[in-house]
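S.K.:
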Amino acid sequence: MPLLAQLAARRSAEPRELTAPPPPPEVLQAAAELAMRAPDHQALRPVRFVHVGQQERAALGELFARAAQARGRDAVGMQMARERAFVGPALLAVVARIRDDVADVPPHEQWLTVGAALMNLLNALHLQGFGAKVLGGSAARSEVVRRAFCHEGEQIACWVIAGTLADAQAAAPTATRPPAPIPRDLLGDWTPDWTPDWAPDGTPGGMP
Ligand SMILES: Cc1cc2nc3c(=O)[nH]c(=O)nc-3n(C[C@H](O)[C@H](O)[C@H](O)COP(=O)(O)O)c2cc1C
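Going by the working numbering, the sequence shown opens with residue 1022, and the numbers climb by one from there.
#1: Where are the alpha helix (DSSP H) runs, 4 residues long or more, that stay fully inside the stretch 1161–1189, in chain order?
#2: Look up Pro1194 in the DSSP assignment and say whether it is helix, strand or coil.
#3: Using the Cα positions of Thr1195 and Gly1174, report the straight-line distance between them to the nearest angstrom.
#4: Please state whether DSSP places Gln1100 in a helix, a strand or coil.
#5: Between Ala1030, Glu1077, Ala1169 and Leu1024, which has its C-alpha nearest Pro1200's C-alpha?
#6: So, helix, strand or coil for Thr1040, using DSSP?
#7: Below 8 Å on the Cβ atoms is my guess for Cys1179 versus Val1115; work out the distance and round it to an integer in Å.
#8: Cβ of Gly1093 versus every heavy atom of ligand 1: is any distance shorter than 7 Å?
#9: Here's a check: name, in chain order, each residue in its chain whose Cβ is nearer than 6 Å to the Cβ of His973, leaving out the five neighbours to either side.
#10: Determine the burial state of Ile1203: buried for a count of at least 16 other Cβ atoms within 10 Å of its Cβ, exposed for fewer.
#11: Which complete alpha helix (DSSP H) runs does the stretch 1023–1071 hold, if anything under 4 residues is left out?
#12: Would you mind stating whether Leu1039 and Thr1185 have Cβ atoms separated by less than 8 Å?
#13: Who are the near neighbours of Cys1171 in its chain, counting only those whose CB is closer than 7 Å to its CB and skipping five residues on each side?
#14: Count Cβ pairs between the stretch 1079–1096 and the stretch 1145–1155 that sit closer than 8 Å; are there 3 or more?
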């Protein structure tokens, strides 16, 4: 299949669609290295990935449970949070370090790098034959969990689960899983019909 068609066939896999074996270390490593090909102004490297192995899932579950408790959840809610640590044959934390002290690289540019890196990671997993999905959730925003993964100035941007697709067709662009429609104005030509007048306070005119 041509490369563009292969990339267009990528779909996020639901946790139930992912089975063992997980992507082996060399596949994860290649994906993380491709992630580093994201455009990165001043090479700040605002993203890194932390693999949570099977042996560590129980410890992560306890962290998730504590985070749920801190959000006021009862024992049932804590148990549900605990179980989320076992989702996905492979689990990565996506850790972002967004600096606000770099004059020429504002935070939004660094976040764009994080997103681009994430996309490269997903595409690399897909091209190597594995399914994956990005997950967020309140645990990613929990201070208890943050402290267990992050250095000073870092935060958990999201999680990535990955594994073998239980049904390879499920991740293909079939009629049952059509991609979301592409916006009509996705790619257009700029027509310079903005108002070139300047307001008295010096603000330029904008797009109509
Ligand atoms: C940062 C981020 C967090 C997300 N968190 C969740 C989540 O917690 N649960 C979920 O079902 N989808 C979540 N999604 C969306 C899925 O990862 C996925 O993009 C969506 O299901 C669309 O699937 P597609 O990639 O096949 O188009 C998140 C996406 C991003 C970018």
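Every residue, glycine too, gets a C-beta built ideally from N, C-alpha and C.
M.R.: According to the structure shown:
#1: Whole alpha helix (DSSP H) segments, 4+ residues: 1164–1170.
#2: Numbered from its first residue, the sequence shown carries residue 1194 at position 173. Bear in mind that the predicted position of Pro1194 carries a pLDDT of just 46, short of 50, making it unreliable; the figure below should be weighed with that in mind. In this structure, DSSP gives Pro1194 a state outside helix and strand, which the three-state scheme calls coil.
#3: By 1-based counting over the sequence shown, the position of residue 1195 is 174. By 1-based counting over the sequence shown, the position of residue 1174 is 153. Here the model assigns Thr1195 a pLDDT of 47, short of 50, so the residue's position is not dependable, and the following value carries that caveat. Thr1195 and Gly1174: Cα-Cα distance of roughly 42 Å.
#4: Position 79 of the sequence shown, counting from 1, holds the residue named residue 1100. Gln1100 sits in a helix when the DSSP states are folded into three classes.
#5: In the sequence shown, the residue the question calls residue 1200 occupies position 179. Answer by Cα proximity: Ala1030.
#6: One-based indexing of the sequence shown puts residue 1040 at position 19. If DSSP states are grouped into helix, strand and coil, Thr1040 belongs with the strands.
#7: Taking the sequence shown and counting its residues from 1, one reaches residue 1179 at position 158. Taking the sequence shown and counting its residues from 1, one reaches residue 1115 at position 94. Taking the Cβ atoms as the reference, Cys1179 lies roughly 5 Å from Val1115, within the contact range of under 8 Å.
#8: Position 72 of the sequence shown, counting from 1, holds the residue named residue 1093. No - ligand 1 has no heavy atom lying nearer than 7 Å to the Cβ of Gly1093.
#9: For the chain, the structure presents residues 1022 to 1229; residue 973 sits outside this window and is missing.
#10: Walking along the sequence shown from the start, residue 1203 turns up at place 182. Ile1203 should be labelled exposed.
#11: Within the stretch 1023–1071, the runs of alpha helix (DSSP H) at least 4 residues long that lie entirely inside it are, in chain order, 1024–1029 and 1046–1056.
#12: Here the question's residue 1039 lines up with position 18 in the sequence shown. Here the question's residue 1185 lines up with position 164 in the sequence shown. Between Leu1039 and Thr1185, the CB-CB gap stays under 8 Å.
#13: Taking the first residue of the sequence shown as position 1, residue 1171 is located at position 150. Once the five neighbours on either side are set aside, the close Cβ partners of Cys1171 are Val1116 and Ile1177.
#14: In the pairwise beta carbon analysis, the stretch 1079–1096 is classified as not touching the stretch 1145–1155: fewer than three pairs are separated by under 8 Å.
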